[in-house]
Amino acid sequence: QGWVEAMTSLGRLIFFDQPGTGASDPVTAEALPTLEQWADSITAVLDDLGSREAFLVTYPGAIATAALFAGTHPSRTAGLVVLNGHVDPPDRTAAQGEAIDTLVATWGTGELQHLVNPDMPWNEEIRAAWAR
94 QGWVEAMTSL
104 GRLIFFDQPG
114 TGASDPVTAE
124 ALPTLEQWAD
134 SITAVLDDLG
144 SREAFLVTYP
154 GAIATAALFA
164 GTHPSRTAGL
174 VVLNGHVDPP
184 DRTAAQGEAI
194 DTLVATWGTG
204 ELQHLVNPDM
214 PWNEEIRAAW
224 AR
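Those letters in the sequence shown? Residues 94 to 225, by this note's numbering.
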């Protein structure tokens, strides 16, 4: 909780869920948003909340969206911090490819949260909430 207080002491803190994740509107696997649409959703959130610019803090799974937004909206980007970021090596291993395939196959189903949090209580209501 201390980091939230530290960040809010610097300015307004907005938690943003990309379309299809967290509390955002659900998407289907057949109609996943493009990277551009995800980046545009940052603009929509900022506009809706009356924020001219943002200092983006992002993590794996949202890095590409934040980077695209920062690159295409430099006047609206005060800064970009990437947490736990890395560049995939050109010689991706079979295990890395399998992990990516699993991520793609489970995106929007809520099953990924069960895989990364196996000790968390789990039922259909929780799965559906994570699948949004």
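Built from N, CA and C at the ideal position, the CB exists for glycine as well.
Please classify residue i as buried or exposed, where buried requires at least 16 other C-beta atoms within 10 Å of its C-beta.
i, result
"Ala-155", "buried"
"Ser-134", "buried"
"Thr-151", "buried"
"Phe-108", "exposed"
"Gly-113", "buried"
"Ala-192", "exposed"
"Ala-222", "exposed"
Consult DSSP for residue i and reduce its assignment to one of helix, strand or coil.
i, result
"Gly-172", "strand"
"Leu-208", "helix"
"Ala-187", "helix"
"Val-138", "helix"
"Leu-149", "strand"
"Gly-125", "The residue you asked about is not Gly; residue 125 is Leu in the sequence shown. Leu-125 falls in the coil class under three-state DSSP."
"Val-97", "helix"
"Gln-130", "helix"
"Ala-116", "coil"
"Pro-167", "helix"
"Val-197", "helix"
Looking only at its chain, what residues have a beta carbon closer than 6 Å to the beta carbon of residue i, apart from the 5 residues adjacent to it on each side?
i, result
"His-166", "none"
"Phe-148", "Ala-171 and Gly-172"
"His-207", "Trp-215"
"Val-174", "Val-150"
"Pro-211", "none"
Residues in its own chain within less than 7 Å of residue i by CB, not counting five upstream and five downstream?
i, result
"Gln-111", "Ser-117, Trp-131, Ser-134, Ala-155 and Thr-158"
What residues are listed by DSSP as bridge partners for residue i?
i, result
"Leu-48", "The chain is shown only over 94 to 225; residue 48 falls outside these bounds and no answer can be derived."
Mind checking if residue i is an interface residue toward chain C, Cβ cutoff 8 Å exclusive?
i, result
"Ala-171", "Given the protein chain composition of this structure (a single chain), no chain C is represented."
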